[in-house]
Structures are given as C-alpha cells and as structure tokens.
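Take 228 as the starting number for the sequence shown in my numbering and just add one per residue.
For glycine and all other residues, C-beta sits at the position ideal for the given N, C-alpha and C.
First comes the structure, then the notes that go with it.
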Amino acid sequence: MKIGLLAMSGIRAHDPELLKLGLTLPGFVERSRQIAALPSLGLLQLASATPLGHELEYFEAEGDGLEPAELADCDLVAISTFSAQVFEAYAIADRLRARGIKVAMGGLHVSALSEEALRHADYVAVGEGEHVWPRIVEAAERGEPPRIFRASDEAPVEVARLPIPRYDLLRNRPYNRFTVQTTRGCPWRCDFCASTVMLSSRYRKRPVADVVRDIQAIRAVRPDAFLELADDNTFVDKEWGLSLARALEPLGVRWFTETDISVADDPELLAALARSGCRQLLIGLESPDSGALEGLEQHANFKARRASSYADDVERIQSYGITVNACFVLGLDHHDGGVFESVRRFAEDTGLYEVQVTYMTAFPGTPLHARLHREGRILEPGRWDLCTLFDINYQPCRMSVEELRSGFHDLTRSLYTAQAMGRRRERFLARHRRRGALAKS
Ligand code: B12
C-alpha cells in the first residue's frame with residue numbers, strides 16, 4: 228500500500244485582538260515562528276514501526292486546513308491529532324474517505340475521545356501508537372470495517388527499544404528544528420495537563436545511547452539542526468540527566484527542553500547542561516504565588532511547595548547561561564485581577580529571558596475538564612478548536628471572562644515589547660557575566 232503520514236503543524240489561535248497584537252509584538256512572533264516549524268515526531272515514530280513492504284510519504288496539511296493534493300494517491304492516510312486542530316483533521320478525513328481512501332487517526336485528542344473520532348476515521352488509535360499501528364496497517368490491507376484500537380490491548384511499549392524515527396522521510400523538506408524524545412510521561416499530575424500523561428501514566432527514560440543514535444540520524448538529514456526534546460519533564464532523574472548531558476557535550480548540538488523547577492537544585496547538572504549546548508529550559512511555574520497553586524499538582528502538591536523559591540531557582544539556572552522560558556497559566560481558580568501585575572513583576576524582577584503566558588485550558592480527558600464540566604463552567608462544550616491556550620472557553624472563578632481577556636491582553640502588551648524584552652535579556656546577560664567573573668576569580 229501507499230501510506231501517507233499527515234501532520235497538522237503550525238500554531239492555532241482565534242482571539243482576533245490577540246492575533247493583531249501578536250503581529251506587532253516581536254517576542255510573541257519570534258517564538259511562534261520558531262516552534263510552528265516542527266515536524267511530527269509521533270508520525271515519524273509510527274513510520275519506523277510500519278510493517279515492511281509499504282511505501283511511506285510524509286505530508287504537512289496546508290495552513291488553511293486543506294490537504295495536499297498528492298494524498299489522493301494514498302491507500303491509507305495516518306493523521307495525528309491535537310484538540311485545537313481536530314475539526315480540520317476530521318474535515319480532511321471526511322474528504323479522503325469520500326474518495327475511498329482509508330483514514331487512521333491517533334494522538335492526544337482522539338485518545339481522549341475515540342468514539343467521536345470514529346465518526347470520521349476508519350481506524351482510531353487510543354494511546355501510544357507503536358504497537359497498534361502495525362495492526363491498523365494490516366486491518367487496512369484486509370479492508371476491515373472501522374474500529375478502535377487500544378494500546379492497552381497490546382504489550383506495553385518499551386521505550387528502551389524504540390527504533391530510530393524515520394527522520395529520513397523529511398530529507399526534502401525545509402525543517403531546521405527537529406524533535407527527539409528522551410523521556411515519556413511525568414511523575415506530577417497537574418489537573419490541566421493534556422500531555423503524554425494522557426497516553427501512559429508511567430514515567431520512562433530512554434537509554435542515552437539511543438538518544439545519541441537518533442540525534443545522529445537527524446544530523447544525517449540536517450547537520451546544523453536545532454533540537455527540541457519532545458519531553459514533558461526531562462530531568463526528573465538527575466543522575467540520568469547528567470549522563471544525557473555528558474553524552475550530548477561532544478556532539479556540539481544546540482538544544483531546548485521542558486522540565487520542572489527542581490533542576491535548579493543540582494549545580495553539577497546545570498554546569499553539565501550548559502556545556503552540552505542546552506540553550507533553554509521551558510519550565511511550567513504556572514503562577515508566581517503558592518496560594519494559587521494549592522492543589523493544582525494532585526500527587527504531592529509539588530508546585531505549591533516550590534513556589535516560594537521560584538525567583539531564586541530561576542536566577543540560579545540562568546546564572547549558568549541557560550535561559551529559562553517560564554510558563555504561566557492565567558485564570559486559575561485562585562487568580563483575581565492582581566495576577567497580571569504579579570506575573571509582570573516576577574518576569575521583570577528575575578530577568579526571565581523568555582516568558583510564556585497562556586489561559587487555563589480544559590483539554591478533553593483531563594481532570595480539569597471533568598471538573599469544569601461538572602461545575603457547568605465550560606462555556607461552549609465541544610468547541611475543541613478553542614483549546615489553543617490563547618482562547619477562553621470557561622467561566623473563571625474570581626474574574627469575568629472579559630476581565631481575564633483584557634488583563635491578558637494588557638499583560639501580553641507589556642511583556643513582549645522590545646524594551647521589556649531588552650531589559651530582561653540585559654539582566655540575564657549581566658547575571659551570567661557576573662557568574663563568569665566569579666568563576667575566574
Ligand atoms: C512538538 C509539539 C508541537 C509541534 C507539533 C509538530 C507536529 N507537526 O506535530 C507544534 C509546534 C507545531 C505544536 C503546535 C501546537 N501545540 Co504542541 N506540542 C508539542 C510537544 C512539545 C511534543 C509533541 C510530541 O512530539 N510528542 C512525542 C510524540 C512521539 O508523541 P505523540 O505525538 O503523542 O505520538 C504518539 C501517540 O500519540 C500516537 N499517535 C500520534 N499520532 C498518531 C496517529 C496514528 C494514526 C496512530 C496510530 C497513533 C498516533 O503514537 C505516537 C507514538 O506513541 C507537546 C508537549 C509534550 N511535551 O508532549 C505539545 C502539545 C502536544 N501541544 C499542544 C498544543 C496545545 C499545541 C497548539 C494548539 C498550540 C497553539 N496554540 O497553536 C498547537 C496545535 C497546532 C496544531 N497544528 O494542532 C498540547 C496539546 C494538548 C492536546 N491534548 O491537544 C501539548 C500536549 C502541550 C500542552 N500545552 O499541553 N506542538
């Protein structure tokens with residue numbers, strides 16, 4: 228069969244005022260442009276798990292939600308879904324099926340809402356795809372009727388034995404940033420998290436040698452690639468993190484990842500990360516004050532417990548020359564109108580190199596969605612296209628929707644001006660220089 232792998236890339240947001248703001252604010256646009264250009268690792272991973280004897284091709288959906296015309300030659304098309312683009316994905320699937328092409332869907336959104344997806348796809352995968360995908364390919368070959376395939380019905384996916392994602396399928400495409408996965412899952416249980424904890428509850432690390440092998444495969448396609456680790460929380464195990472950093476150091480790569488604030492506790496790891504080419508750590512602080520974080524992480528109240536040292540932790544990480552991209556979630560249940568100023572002040576006072584603000588978002592399948600739904604606070608149920616992190620689809624507790632929106636717009640305006648960014652970056656550089664001088668003396 229000819230199998231098409233269809234990625235839905237790009238960034239989604241609907242709020243017209245925010246979009247207009249985004250066009251004029253350099254910081255906002257800079258990061259969006261960079262990350263919009265990432266290929267789908269999930270599909271490349273499936274490609275490497277495809278039974279032999281099939282022809283594979285990687286496609287990107289067009290910016291306007293249309294499918295490339297070449298998909299018409301495929302017998303089976305695999306589509307990877309996030310909530311924000313799922314209606315575009317369903318529309319593409321409907322059109323492909325009308326032409327007699329079989330469609331398989333997987334990914335975070337349809338893993339949470341498989342019955343919904345089965346109205347649009349022949350085969351729907353729930354959970355990690357490596358073991359269900361070969362079954363789907365066989366089902367398509369045999370022309371079997373539509374059904375749901377669950378990872379939980381197969382042997383668990385051993386991350387210690389993942390084959391190299393088929394980065395080679397991207398050879399003729401203009402990507403310069405690539406994703407590599409080093410861990411899956413996260414030990415924490417933040418009520419809003421719609422990331423890989425939705426696919427498997429266990430936290431798993433890959434062998435460092437396999438990560439290096441995957442990076443070599445990327446460099447065979449693009450020697451100067453910038454690497455983004457597609458992890459939720461890379462440095463839960465500091466010892467393993469140290470071995471990863473040491474293995475990356477001789478490769479001379481530049482890279483970025485997501486982790487939690489406890490990375491600040493380990494100076495040896497921070498020094499090794501700096502030497503290994505780690506340019507930035509994205510860390511979900513969520514709110515500058517512990518009160519608003521109470522109960523948000525449901526396993527050990529991790530974030531509320533750490534909040535009092537957030538500022539020192541950020542300073543320490545950045546002093547190693549590693550920039551922090553701190554993420555704040557606006558509109559948590561304890562947030563009132565004062566939160567915008569406290570985020571602005573935190574960013575300014577700590578000299579955060581990068582800051583990301585998003586709205587609290589109820590993704591399907593999360594504890595947050597279940598709770599807001601129970602409380603009748605979802606404004607337009609089923610509007611998954613609003614799950615962009617930049618659109619509001621719930622009734623906040625201590626603000627009106629309008630207060631949340633206008634406070635967010637004002638905060639965006641003040642955080643991403645060239646002056647504000649310049650001040651934060653200057654502070655980061657000064658702190659880093661000071662540390663360098665101390666180290667020399
Ligand atoms: C890289 C990334 C992106 C890239 C995606 C590139 C691409 N073309 O796919 C870019 C930068 C474009 C992106 C954009 C967005 N993203 Co993003 N992104 C990520 C990130 C960091 C890693 C995803 C990843 O590569 N995972 C690793 C792979 C191996 O896992 P996977 O994709 O889940 O695939 C496995 C299974 O799901 C399954 N599978 C997947 N697809 C299929 C298909 C079939 C047929 C089968 C059988 C199986 C299968 O098998 C795979 C292997 O096990 C995650 C956060 C994280 N740390 O996970 C956020 C994340 C996925 N993004 C998120 C969001 C919200 C967005 C945006 C909406 C942001 C915005 N406002 O624009 C947009 C959505 C744009 C869009 N097109 O839909 C959310 C999604 C939540 C949700 N449930 O929908 C996440 C979880 C982050 C978060 N804040 O919680 N993102």
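Got a sec: does the ligand B12 put a non-hydrogen atom nearer than 7 Å to the Cβ of residue i?
{"i": "residue 467", "result": "no"}
{"i": "residue 428", "result": "no"}
{"i": "residue 312", "result": "yes"}
{"i": "residue 489", "result": "no"}
{"i": "residue 241", "result": "no"}
{"i": "residue 615", "result": "yes"}
{"i": "residue 558", "result": "no"}
{"i": "residue 448", "result": "no"}
{"i": "residue 424", "result": "no"}
{"i": "residue 408", "result": "yes"}
{"i": "residue 301", "result": "no"}
{"i": "residue 631", "result": "no"}
{"i": "residue 412", "result": "no"}
{"i": "residue 231", "result": "no"}
{"i": "residue 336", "result": "yes"}
{"i": "residue 493", "result": "no"}
{"i": "residue 266", "result": "yes"}
{"i": "residue 269", "result": "yes"}
{"i": "residue 363", "result": "yes"}
{"i": "residue 583", "result": "no"}
{"i": "residue 332", "result": "yes"}
{"i": "residue 597", "result": "no"}
{"i": "residue 237", "result": "yes"}
{"i": "residue 507", "result": "no"}
{"i": "residue 360", "result": "yes"}
{"i": "residue 306", "result": "yes"}
{"i": "residue 356", "result": "yes"}
{"i": "residue 234", "result": "yes"}
{"i": "residue 441", "result": "no"}
{"i": "residue 612", "result": "no"}
{"i": "residue 622", "result": "no"}
{"i": "residue 420", "result": "yes"}
Cβ-heavy atom distance between residue i and the ligand NAD below 7 Å?
{"i": "residue 323", "result": "Within the structure as shown, the ligand NAD is missing, the only ligands being the ligand B12."}
Could you check which residue in the options has the C-alpha nearest to that of residue i?
{"i": "residue 307", "options": "316, 299, 380 and 301", "result": "316"}
{"i": "residue 558", "options": "544, 520 and 642", "result": "520"}
{"i": "residue 325", "options": "500, 299, 344 and 343", "result": "299"}
{"i": "residue 284", "options": "405, 517 and 399", "result": "399"}
{"i": "residue 554", "options": "563, 510 and 517", "result": "510"}
{"i": "residue 404", "options": "468, 452 and 411", "result": "452"}
{"i": "residue 367", "options": "474, 599, 275 and 348", "result": "348"}
{"i": "residue 577", "options": "594, 601, 539 and 589", "result": "539"}
{"i": "residue 548", "options": "653, 420 and 516", "result": "653"}
{"i": "residue 537", "options": "573, 564, 407 and 233", "result": "573"}
{"i": "residue 375", "options": "384, 382, 341 and 481", "result": "341"}
{"i": "residue 612", "options": "244, 336 and 297", "result": "336"}
{"i": "residue 232", "options": "531, 242, 333 and 658", "result": "333"}
{"i": "residue 593", "options": "418, 575, 235 and 605", "result": "418"}
{"i": "residue 620", "options": "357, 642, 585 and 639", "result": "585"}
{"i": "residue 371", "options": "350, 357, 390 and 382", "result": "350"}
{"i": "residue 381", "options": "390, 357 and 373", "result": "357"}
{"i": "residue 434", "options": "319, 564, 409 and 242", "result": "409"}
{"i": "residue 439", "options": "429, 401, 431 and 390", "result": "390"}
{"i": "residue 597", "options": "331, 279, 339 and 626", "result": "339"}
{"i": "residue 595", "options": "359, 469, 353 and 623", "result": "623"}
{"i": "residue 346", "options": "377, 314 and 362", "result": "314"}
Less than 8 Å between the CB atoms is what I'm expecting for residue i and residue j, so what's the real figure, rounded?
{"i": "residue 545", "j": "residue 655", "result": "5 Å"}
{"i": "residue 303", "j": "residue 228", "result": "6 Å"}
{"i": "residue 271", "j": "residue 393", "result": "5 Å"}
{"i": "residue 485", "j": "residue 459", "result": "6 Å"}
{"i": "residue 416", "j": "residue 525", "result": "4 Å"}
{"i": "residue 355", "j": "residue 427", "result": "6 Å"}
{"i": "residue 516", "j": "residue 569", "result": "6 Å"}
{"i": "residue 529", "j": "residue 634", "result": "No, residue 529 and residue 634 are not in contact; Cβ-Cβ is about 27 Å, not under 8 Å."}
{"i": "residue 513", "j": "residue 483", "result": "Between residue 483 and residue 513 the Cβ distance is about 19 Å, and since that is not below 8 Å, they are no contact."}
{"i": "residue 660", "j": "residue 248", "result": "With a Cβ gap of about 33 Å, residue 660 and residue 248 do not count as contacting."}
{"i": "residue 466", "j": "residue 503", "result": "With 8 Å as the limit, residue 466 and residue 503 do not qualify as a contact, their Cβ atoms being about 15 Å apart."}
Any Cβ of chain B within less than 8 Å of the Cβ of residue i?
{"i": "residue 449", "result": "The chain inventory of the structure shown lacks chain B, comprising one protein chain alone."}
Quiz item: Quick one: complete alpha helix (DSSP H) runs, 4+ long, within the segment 554 to 612?
Solution: 566 to 577 and 594 to 601
Quiz item: What runs of the beta strand (DSSP E), each 3 residues or longer, lie entirely inside the segment 463 to 499?
Solution: 481 to 486
Quiz item: Along the chain, which unbroken stretches of the beta strand (DSSP E) at least 3 residues long are found entirely within the segment 405 to 470?
Solution: 453 to 456
Self-check item: Segments of 3+ residues assigned as beta strand (DSSP E) that fall wholly inside the segment 304 to 379
Solution: 329 to 334, 350 to 353 and 374 to 377
Quiz prompt | alpha helix (DSSP H) runs wholly inside the segment 521 to 545, at least 4 long, in chain order | solution = 529 to 533
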